[in-house]
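Enquirer: Handing you a structure now.
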Amino acid sequence: MSTALINPRIRGFLCLTSHPAGCAANVRRQVDLAKAGGPGKGLGNVLIIGSSAGFGLASLITTVFGHGAKALSVAFERPGQGDKPGSAGWYNLAEVHRLAKAEGRQVESIIGDAFSGPILEQAITALRERFGKIDTLVYSLASPKRTDPATGLTHGSTLKPIGAPYTGQTVDLDTDVIKAVTIQPAVPEDIINTEKVMGGEDWERWVEALIAADLLAPGFRTVAYSYIGPAMTHAIYRDGTIGRAKMHLEGSANRLDQKLQKAVGGHAWISVNKALVTQASSAIPVVPLYISLLYKTMKANGSHEGTIEQIIRLFRDHLAPNHSPVLDANRRIRVDDWEMREENQAAVASLWPQVTTENLLDISDYAGFKHEFRTLFGFELDGVDYNLPVEVEVPLV
Ligand code: NAI
Numbered sequence: 009m010s011t012a013l014i015n016p017r018i019r020g021f022l023c024l025t026s027h028p029a030g031c032a033a034n035v036r037r038q039v040d041l042a043k044a045g046g047p048g049k050g051l052g053n054v055l056i057i058g059s060s061a062g063f064g065l066a067s068l069i070t071t072v073f074g075h076g077a078k079a080l081s082v083a084f085e086r087p088g089q090g091d092k093p094g095s096a097g098w099y100n101l102a103e104v105h106r107l108a109k110a111e112g113r114q115v116e117s118i119i120g121d122a123f124s125g126p127i128l129e130q131a132i133t134a135l136r137e138r139f140g141k142i143d144t145l146v147y148s149l150a151s152p153k154r155t156d157p158a159t160g161l162t163h164g165s166t167l168k169p170i171g172a173p174y175t176g177q178t179v180d181l182d183t184d185v186i187k188a189v190t191i192q193p194a195v196p197e198d199i200i201n202t203e204k205v206m207g208g209e210d211w212e213r214w215v216e217a218l219i220a221a222d223l224l225a226p227g228f229r230t231v232a233y234s235y236i237g238p239a240m241t242h243a244i245y246r247d248g249t250i251g252r253a254k255m256h257l258e259g260s261a262n263r264l265d266q267k268l269q270k271a272v273g274g275h276a277w278i279s280v281n282k283a284l285v286t287q288a289s290s291a292i293p294v295v296p297l298y299i300s301l302l303y304k305t306m307k308a309n310g311s312h313e314g315t316i317e318q319i320i321r322l323f324r325d326h327l328a329p330n331h332s333p334v335l336d337a338n339r340r341i342r343v344d345d346w347e348m349r350e351e352n353q354a355a356v357a358s359l360w361p362q363v364t365t366e367n368l369l370d371i372s373d374y375a376g377f378k379h380e381f382r383t384l385f386g387f388e389l390d391g392v393d394y395n396l397p398v399e400v401e402v403p404l405v
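Each number in my numbering comes from the position in the sequence shown (counting from 1) with 8 added on.
Okay, structure coming up:
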């Protein structure tokens with residue numbers, strides 16, 4: 009037992025501390041929504057890669073608590089030690105495990121580098137010994153780097169425009185000041201490296217290994233998450249290095265789909281999701297400001313969703329068993345459809361040139377962005393007394 013008082017220590021898009029009780033409260037809120045938003049049964053075994061935060065955590069919660077799945081989860085997180093808090097993702101998983109155990113549900117997590125050979129082997133062993141064949145695999149990794157197990161080389165991903173420098177406005181998350189940013193264009197290696205990290209090579213590696221291990225159930229389905237967004241973010245996102253990686257990921261979906269149809273009558277899809285506050289998206293220049301304006305608009309007209317609402321809708325409308333997902337012309341599921349509605353995009357586009365440091369809090373939901381960012385780390389959750397010391401060393405039961 010080791011308790012500590014924990015306060016947020018935020019540096020830009022990083023928060024160096026996290027609060028176990030707050031993360032647990034955040035998970036319980038999502039579990040309640042998932043239970044209310046799903047039939048409670050229908051899915052068998054699922055494998056969630058990148059299961060401890062953001063869309064992957066929402067996928068773990070939705071499949072287990074909304075659709076009755078048994079889940080093997082993979083994430084890269086750090087437990088608390090002494091008075092040093094662990095990572096938010098650790099505490100998120102700890103609460104998922106605790107609730108699952110209390111309700112007699114099977115959830116197991118492998119903590120380590122999903123890009124590596126040994127973690128894939130560990131997952132195969134766990135599936136063979138304790139789960140059996142899987143019905144659904146969600147691939148939801150967001151990482152700044154990846155060591156390719158085939159070569160031993162480490163690749164770093166970048167968020168750069170391609171072809172020309174990008175100059176635009178962004179909000180400085182430390183000072184809350186709107187300022188101009190100029191980002192120099194990628195060199196060819198940046199594109200290759202970003203594809204290596206955030207493209208689909210590793211997703212293909214997992215699925216191919218699971219086919220070879222005969223661990224996919226007939227009709228198996230897999231989904232990975234992508235983003236497109238509006239023209240105002242294209243230079244830095246869709247047309248930039250990360251967009252190239254997403255296009256690679258979309259190519260992987262098509263390659264995997266062909267293989268899976270042959271192997272087990274299965275499918276691989278991309279789901280294009282909404283821009284949402286997560287640890288990964290907060291690090292992208294321009295995106296926090298875009299999200300602040302988008303949230304203001306979507307909250308005002310009642311079309312706003314958070315991560316959990318997005319994934320509940322994804323599984324309800326597209327990925328529930330015996331459902332065929334609705335696909336766009338490029339075979340992608342589009343749960344970014346509400347974000348991309350004409351009325352929402354027109355409103356954001358008209359606010360974009362007006363925003364200044366002075367009017368930021370009035371014309372955008374920057375306050376909501378900051379609040380949600382803190383909740384990712386377990387801060388500012390209702391019902392949590394932050395003046396009390398909390399247990400730091402929380403196990404994954
Ligand atoms: P996140 O930062 O909230 O979560 C990332 C997850 O990946 C965590 O569970 C983390 O433990 C895990 N992870 C990272 N490196 C790992 C490694 N080496 N081994 C094992 N686990 C590792 O990220 P977020 O935003 O949920 O992103 C997930 C996917 O959704 C990404 O592909 C992202 O591009 C996509 N997406 C995100 C959007 C957003 O606005 N946040 C919008 C649309 C798509």
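Each residue gets a CB set at the ideal place from its N, CA and C atoms; glycine is no exception.
Below 8 Å, is the gap between the Cβ of M206 and the nearest heavy atom of the ligand FMN?
Expert: You won't find the ligand FMN in this model; what it holds is the ligand NAI.
Enquirer: With Y233 and I292 assumed to form a contact (beta carbons below 8 Å), what rounded beta-carbon distance in angstroms separates them?
Expert: No, Y233 and I292 are not in contact; Cβ-Cβ is about 15 Å, not under 8 Å.
Enquirer: Restricting to runs no shorter than 3 residues, where is the beta strand (DSSP E) found entirely within the region 43-127?
Expert: 53-57, 78-83 and 115-119
Enquirer: Nearest to A29 by CA position, among E103, P173, A77 and A61, is which residue?
Expert: The shortest Cα separation from A29 among E103, P173, A77 and A61 belongs to E103.
Enquirer: From this set, C23, T11, S117 and R37, which residue's C-alpha is nearest L389's C-alpha?
Expert: R37
Enquirer: Quick check: is any heavy atom of the ligand NAI less than 8 Å from the C-beta of F123?
Expert: yes
Enquirer: Just the C-alpha distance for I119 and E380, rounded to the nearest angstrom, thanks.
Expert: 25 Å
Enquirer: Do you know how far the Cα of K187 is from the Cα of L101?
Expert: 37 Å
Enquirer: Assign L335 to buried or exposed, taking buried as 16 or more other Cβ atoms, counted over all protein chains shown, within 10 Å of its Cβ.
Expert: Flag for L335 reads exposed.
Enquirer: Let's see if you can read the secondary structure: which residues bound the beta strand (DSSP E) around Y374?
Expert: No beta strand (DSSP E) holds Y374; the alpha helix (DSSP H) holding it covers Y374 to L384.
Enquirer: I need the boundaries of the beta strand (DSSP E) containing S279, first residue and last residue.
Expert: H275 to V280
Enquirer: Consider the C-beta atom of R246 and the heavy atoms of the ligand NAI; say whether any pair is separated by less than 8 Å.
Expert: no
Enquirer: Cβ-heavy atom distance between S26 and the ligand NAI below 8 Å?
Expert: no
Enquirer: Quick check on this structure: which residue in E350, P296, D393 and G310 has the alpha carbon closest to the alpha carbon of G376?
Expert: For G376, the nearest C-alpha among the options comes from P296.
Enquirer: Using DSSP with H/G/I as helix, E/B as strand and the rest coil, what is G160?
Expert: coil
Enquirer: Return the chain-ordered list of same chain residues with a C-beta closer than 8 Å to the C-beta of L257, the five sequence neighbours on each side being excluded.
Expert: M206, G207, G208, W211, A232, S234 and I278
Enquirer: Assign A288 to one of two classes, buried (16 or more other C-beta atoms within 10 Å of its C-beta) or exposed (fewer than that).
Expert: buried
Enquirer: Check whether the region 61-79 touches the region 106-118, counting contact only when three or more Cβ pairs, one atom from each stretch, lie closer than 8 Å.
Expert: The region 61-79 vs the region 106-118: in contact.
Enquirer: For T70, which residues of its own chain have a beta-carbon under 6 Å away from its beta-carbon, when the five flanking residues on both sides are left out?
Expert: A42, I319, I320 and F323
Enquirer: Going by the C-beta, is F63 closer than 8 Å to any heavy atom of the ligand NAI?
Expert: Here the distance from the Cβ of F63 to the nearest heavy atom of the ligand NAI is below 8 Å.
Enquirer: How would you call N53, buried or exposed, if buried means at least 16 neighbouring beta carbons within 10 angstroms?
Expert: buried
Enquirer: Cβ atoms of L181 and S290: under 9 Å apart, would you say?
Expert: Taking 9 Å as the Cβ cut-off, S290 and L181 qualify as a contacting pair.
Enquirer: Quick one: what's got a C-beta closer than 7 Å to V294's C-beta in the same chain, skipping five residues either side?
Expert: Hits under 7 Å: G176, T178, T241 and I244.
Enquirer: Which residue's Cα is closest to the Cα of N201: D325, K168 and T365?
Expert: K168
Enquirer: Based on the DSSP output, what are the partners of T144 in its beta bridges?
Expert: V54 and R229
Enquirer: Could you say which of K304, A225 and I250 lies nearest to L268 if we only look at CA atoms?
Expert: A225
Enquirer: Consider the C-beta atom of E258 and the heavy atoms of the ligand NAI; say whether any pair is separated by less than 8 Å.
Expert: Result no, Cβ not under 8 Å from the ligand NAI.
Enquirer: Tell me whether the beta-carbon of G237 lies closer than 9 Å to the beta-carbon of A283.
Expert: yes
Enquirer: Pull up the DSSP beta-bridge partners for L22, would you.
Expert: R19
Enquirer: By how many angstroms is the C-alpha of K204 removed from the C-alpha of L396?
Expert: 44 Å
Enquirer: Taking the alpha-carbon of A150 as reference, which of E129, A83, G48 and I18 has the nearest alpha-carbon?
Expert: A83
Enquirer: Please report how far the alpha carbon of S95 lies from the alpha carbon of A217, in whole angstroms.
Expert: 29 Å
Enquirer: Taking the alpha-carbon positions, what's the V280 to L404 distance?
Expert: 31 Å
Enquirer: CB of D344 to nearest heavy atom of the ligand NAI: below 8 Å?
Expert: yes
Enquirer: Comparing C-alpha positions only, which one of F228, N367, L22 and Q353 sits nearest to A239?
Expert: Q353
Enquirer: Answer yes or no: do S67 and F385 have a C-beta to C-beta separation smaller than 9 Å?
Expert: With a cutoff of 9 Å on beta-carbon distance, S67 and F385 are scored as not near each other.
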